[in-house]
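Everything on this sheet refers to the single structure shown next.
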Amino acid sequence: MKVEDVPQDGKFLVDSVARDVCYAVDEQGNYQAVVSKGWDVKADALQIVLDDVIEQCEPIRQRVLRHEVSPLAYHMEKNLMDIDMLADNSGISKRKVKKHMEYDEFQKLDRETLENYAYTLRITVDELVTVPEK
Amino acid sequence: MELDFIHKPAGHCENGVTANMMRFYGFDLPEPLIFGIAYGMFFSHIPFIKLAGLPVSSFRTFPGALFGRATKALGFKSTTERFLIEENAMKKLDEKLAEGIPVGCVVGMYYLPYMPIEYRFPFNGHNICIVGRDEAAGTYTVSDPNCIEKVTISRKDLQKVRFTKGGTYPLFGQMYWINKVPKQLPDLKPIVLKSIQKNCWFMTSEPSVIPFFGCNGIDYLASRIPTWKETLGERKAALNLAQIIRMLEEIGTGGAGFRFMYGAYLQLAAQITGENQFKEFSERITAIGDDWRTFASDAASIFKRRKDACTYDHVAAQIAAIGKQERAFYNDLVKVAKAVK
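Quick look at the structure:
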């Protein structure tokens, strides 16, 4: 790869302090380190995985609206966790986490537990207790 | 309290932490030199180890190995510690910082607050360096090689990222630091030659019955791609392919990027050893890196479902060709490295 070919397709990285560093060859044929804002091919690969997650979440969202499962089940899937990881990272027992997947049980949770789940999933409590309209 | 630590972003996290740390102690070595000396190039495709339900491919050696190999080869003494109790891990970090020692930490990506939200994946194997602490504010200063500048992280978040559960690799608050530096660097020539031989060995020595590693792994991946559509269905096949590209190009894993980094290393190797043939090998691995990138953009045409999309057979053939070239590359390179007097 030549220095002038290092992609600068900003997408996910633009608003953050994160950048890629690429090694590329200059006109004299010597390698240089070049800071890059990202590459579309890469962003596309990430996007398709993220889109797929949203797709997988849609049936769960429908079930939350029918009060069959709790919003926690939706946000767990959406934020790429499973029951084991959610339990381990929140310190709440697996048995309890499973129970909190039920809609009615979830409604009884106190503020502290909700905050714990929200922190564990890196969302706000307001986001945690609802699911998106569509 | 913040150490007088110059932060430079890097192509790969562990090289970057190692290079930044060595610079702190007055040894300014370029990242590719560290990557090369630690014989960091590798390939593995292990279909039954999964990350978020998709098979893991890796283009570099195991987390933690680079720092250990590079420091040892260059005459530094370093220590690595793991912890079972989170509070102890934080205490030890505070102690080392108070002594004026920058500390490398292996962390999970999921809870890193300064990363873009899209990068929030349960990937446990990222490396950062802690270079300061503000006790009053309860924050730490972090030199993360994936960032353009130093960042801060709260004590709570730092403890969380050091002990993130689940994901690829169990974290035990692993931390490492340099505790003795050499008076001067050893003669690099024999180290460079040995590292090249070792890297070639790692890429080509695996017996063919173990298909997952080195050049075998590349061939194996090429043989599996054409079967994906039939065995997994269109959706899962596209996801698998996207996963390869993410592993190939994403922050912290590199892929084609590592081939280019190795190209940079071979240019340095030519200077250090006076063996000009390494320059030609640098050009060869650069061309292989370019092929990996062509593969990536062709693969993207498949999972983006573009009209002029390539086929799975086409990209599989590309990888098979790359595998052949890489094998020939290492086989030829090792001969030259052994012949240098």
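Heads up: the protein sequence lines correspond to chains A and B, in order.
Be aware that the first sequence starts at 1, since it is given in my numbering, and climbs by one per residue.
Be aware that the second sequence starts at 1001, since it is given in my numbering, and climbs by one per residue.
Glycine included, each C-beta is placed from N, C-alpha and C at the ideal position.
Contact under 8 Å by Cβ, residue i with residue j
i	j	result
F106 of chain A	P71 of chain A	yes
C1147 of chain B	V17 of chain A	yes
I48 of chain A	F1042 of chain B	no
D1157 of chain B	P1116 of chain B	no
L1003 of chain B	V1161 of chain B	no
L1188 of chain B	I1272 of chain B	yes
T1108 of chain B	T1164 of chain B	With the sequence shown as reference, residue 1108 of chain B is identified as Gly, and Thr is not the correct amino acid for it. Yes, the pair counts as a contact, with Cβ atoms nearer than the cut-off.
M1175 of chain B	E1326 of chain B	no
S1058 of chain B	I1244 of chain B	no
G1323 of chain B	C1200 of chain B	no
V3 of chain A	Q32 of chain A	yes
Y1169 of chain B	N1124 of chain B	yes
M81 of chain A	L109 of chain A	no
F1067 of chain B	E1031 of chain B	no
K1150 of chain B	H1007 of chain B	yes
I1285 of chain B	F1329 of chain B	yes
L1185 of chain B	F1027 of chain B	yes
Y1025 of chain B	S1195 of chain B	no
L1263 of chain B	G1011 of chain B	As written in the sequence, residue 1263 of chain B is Gly, which differs from the Leu given in the question. Cβ distance not < 8 Å, so G1263 of chain B and G1011 of chain B don't count as in contact.
C1310 of chain B	D1298 of chain B	yes
I1319 of chain B	I1210 of chain B	no
Partner residues on chain A for residue i, Cβ-Cβ distance less than 7 Å
i	result
E1149 of chain B	V17
E1118 of chain B	F12, L46 and L50
G1138 of chain B	Near G1138 of chain B there are no residues of chain A at all, since even the closest Cβ is about 16 Å away, more than 7 Å.
Amino acids of chain B, ordered along the chain, whose beta-carbon sits closer than 9 Å to that of residue i
i	result
D84 of chain A	K1165 and G1166
Per-residue contacts from residue i into chain A (C-beta, under 9 Å)
i	result
R1246 of chain B	K42, A45, L46 and V49
A1010 of chain B	V21 and A33
P1032 of chain B	Y23, Y31 and A33
N1146 of chain B	V17, A18, R19, D20 and V21
G1173 of chain B	Simply none; closest approach about 14 Å.
G963 of chain B	Residue 963 of chain B is absent from the structure shown; chain B starts at 1001 and stops at 1341.
G1214 of chain B	Correct list: empty, because the minimum Cβ distance to chain A is about 22 Å.
For residue i, the residue or residues it bridges with in DSSP
i	result
V35 of chain A	A:V21
K1050 of chain B	B:P1055
K1077 of chain B	B:K1180
E1002 of chain B	B:G1132
V1106 of chain B	B:N1127
T1213 of chain B	The amino acid at residue 1213 of chain B is misidentified as Thr; the sequence shows Phe. According to DSSP, which records beta bridges pairwise, F1213 of chain B is partnered with B:S1044.
M1175 of chain B	B:E1081 and B:C1105
Q8 of chain A	A:G38
L1060 of chain B	With the sequence shown as reference, residue 1060 of chain B is identified as Arg, and Leu is not the correct amino acid for it. R1060 of chain B is bridged to B:M1041.
I48 of chain A	For I48 of chain A, which the question treats as bridged, DSSP gives no partner whatsoever.
Y1140 of chain B	B:R1133 and B:I1153
K1091 of chain B	Answer is none; K1091 of chain B lacks a bridge partner.
K2 of chain A	A:V25
C1200 of chain B	BP columns for C1200 of chain B are empty, so no partner.
C1147 of chain B	A:A18
Chain-ordered neighbours of residue i on chain A, where CB pairs are closer than 8 Å
i	result
Y1423 of chain B	Any answer about residue 1423 of chain B is impossible in this case: the structure gives chain B only from 1001 up to 1341.
G1036 of chain B	By Cβ distance, chain A contributes nothing, its closest Cβ being about 12 Å from G1036 of chain B, past 8 Å.
K1304 of chain B	D44 and I48
M1115 of chain B	S16 and A18
M1261 of chain B	Y23
S1040 of chain B	Checking the sequence shown, residue 1040 of chain B turns out to be Gly, not Ser. Neighbours of G1040 of chain B on chain A: none; closest Cβ ~13 Å, over 8 Å.
Minimum C-alpha distance to residue i - residue among the options
i	options	result
G1036 of chain B	B:I1244, B:A1296, B:F1260 and B:S1057	B:F1260
P969 of chain B	B:F1281, B:C1013 and B:T1071	This structure does not reach residue 969 of chain B, given that chain B is present from 1001 up to 1341, and the question cannot be answered.
R1005 of chain B	B:A1038, B:R1023, B:I1288 and B:P1186	In the sequence as presented, Arg is not what sits at residue 1005 of chain B; that position holds Phe. Closest by alpha carbon: B:R1023.
I1191 of chain B	B:T1141, B:H1045, B:I1319 and B:Y1265	B:Y1265
V21 of chain A	A:E27, A:M1 and A:H100	A:M1
T1139 of chain B	B:R1155, B:C1129 and B:P1145	B:R1155
Y117 of chain A	A:L50, A:K37, A:D26 and A:N89	A:N89
M76 of chain A	A:K37, A:H100 and A:P7	A:H100
Under 8 Å by beta carbon: chain B residues contacting residue i
i	result
V97 of chain A	Under the 8 Å cutoff, chain B gives no residues; its nearest Cβ is about 13 Å from V97 of chain A.
Check: residue i C-beta below 7 Å from any heavy atom of the ligand GDP
i	result
E1283 of chain B	With respect to small molecules bound, the structure shown includes none, and the ligand GDP cannot be examined in it.
Proximal chain B residues relative to residue i, where beta-carbon distance stays under 7 Å
i	result
D88 of chain A	K1165 and G1166
V25 of chain A	T1286
M76 of chain A	The premise fails here: M76 of chain A is roughly 12 Å from chain B at the closest Cβ pair, so nothing lies under 7 Å.
| Near-chain B residues of the stretch 44-72 of chain A (beta-carbon distance less than 7 Å), N- to C-terminal order | D44, A45, L46, I48, V49, L50 and D52
| message | For the stretch 1225-1242 of chain B, list every residue whose C-beta sits within 9 Å of some C-beta in chain A, in sequence order. | response | Within the stretch 1225-1242 of chain B, the residues whose Cβ lies closer than 9 Å to some Cβ of chain A are R1235, A1238, L1239, L1241 and A1242, listed in chain order.
| field | Contact list for the stretch 100-134 of chain A against chain B, Cβ threshold 7 Å | value | R122
| message | Residues of the stretch 1284-1300 of chain B in Cβ contact with chain A at a cutoff of 9 Å, in chain order, please. | response | T1286, G1289, D1290, R1293, A1296, S1297, A1299 and A1300
| message | Under 7 Å, CB to CB, which of the residues in the stretch 1264-1286 of chain B have a partner in chain A? | response | A1264, Q1267 and T1286
| task | With 7 Å as the limit, tell me which residues of the stretch 1122-1133 of chain B have their beta carbon closer than that to any beta carbon of chain A; keep them in chain order. | result | So the close ones are P1122.
| query | Mind listing which residues of the stretch 1091-1104 of chain B have their C-beta closer than 9 Å to chain A's C-betas, in chain order? | reply | none
| Mind listing which residues of the stretch 1303-1330 of chain B have their C-beta closer than 7 Å to chain A's C-betas, in chain order? | F1303 and K1304
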